[in-house]
Amino acid sequence: MKKAVFLVTLLLTSAVFAYTDYKLGGQYDCEGNEIGTGNVFKCTLTIKKTGETYASMAICDNGNAYTGTGIYDANTHFLSSGFINPKKLDETGIAMSHVKRDGSMESTWTYINKTTIARTRCIPHEKAK
Numbered sequence: 010m011k012k013a014v015f016l017v018t019l020l021l022t023s024a025v026f027a028y029t030d031y032k033l034g035g036q037y038d039c040e041g042n043e044i045g046t047g048n049v050f051k052c053t054l055t056i057k058k059t060g061e062t063y064a065s066m067a068i069c070d071n072g073n074a075y076t077g078t079g080i081y082d083a084n085t086h087f088l089s090s091g092f093i094n095p096k097k098l099d100e101t102g103i104a105m106s107h108v109k110r111d112g113s114m115e116s117t118w119t120y121i122n123k124t125t126i127a128r129t130r131c132i133p134h135e136k137a138k
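Letter by letter, the sequence shown follows residues 10 to 138 in our numbering.
Listed below in structure tokens is the structure:
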């Protein structure tokens, strides 16, 4: 009985540590729908740890590019970010991204001047191939 309890505890602890040790960063392939039009877009997102924050850069197939800064909460696995399209300042916004166990992210976002939200899903670049 003690051996079974130990094994269950070990397995649960390993799963928890595997999840909490996940390192956010790298390249992601993303797809979502644009606010207002619903048009599908695809982007390549790069995230880098920069001290206590995370820098992001997205280059999209519709010609848009975004830079941002985020704060990651390792307890909840959410990355909260602000972002801007330097060529279209009205495309300044906020995003909340849930980092999943498999490394993918599901984001809800909006532009600061809008009252609706959109969603985007990102998969780590190496898993998208």
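Glycine is no exception: its CB is placed at the ideal position from the N, C-alpha and C atoms.
This one's a predicted model, so the numbers in the text were calculated from it and none came from an experiment.
Beta carbon of V108 nearer than 8 angstroms to that of H134: As a position in the sequence shown, residue 108 is number 99, starting the count at 1. As a position in the sequence shown, residue 134 is number 125, starting the count at 1. Contact flag unset, no.
CB of G79 within 8 angstroms of CB of T62, strictly: Locating residue 79 in the sequence shown gives position 70, counting from the first residue. Locating residue 62 in the sequence shown gives position 53, counting from the first residue. Cβ atoms of G79 and T62: closer than 8 angstroms.
Whole-number beta carbon distance between S90 and A104, since they are thought to touch under 8 angstroms: Numbered from its first residue, the sequence shown carries residue 104 at position 95. Numbered from its first residue, the sequence shown carries residue 90 at position 81. Indeed, because the Cβ distance is near 5 angstroms, the residues count as touching under 8 angstroms.
Residue(s) in a DSSP beta bridge with M132: Looking up residue 132 in the sequence shown gives position 123. Going by the sequence as given, residue 132 is Ile instead of Met. Paired residue(s): D38.
Beta-bridge partners of E115, as assigned by DSSP: Taking the sequence shown and counting its residues from 1, the one referred to as residue 115 is at position 106. E115 pairs with H107, R130.
Identified DSSP bridge partners for A64: Numbered from 1 along the sequence shown, position 55 holds the residue referred to as residue 64. Secondary-structure assignment with DSSP links A64 through a beta bridge to K57, T78.
Which residues DSSP lists as bridging N94, in chain order: Translated into the one-based positions of the sequence shown, residue 94 becomes position 85. N94 pairs with K97.
Cutoff 7 angstroms; reference G102; Cβ partners in own chain excluding five residues on either side: The residue you call residue 102 lines up with position 93 of the sequence shown. The answer, listed in chain order, is F92, W118, T119, Y120, I121.
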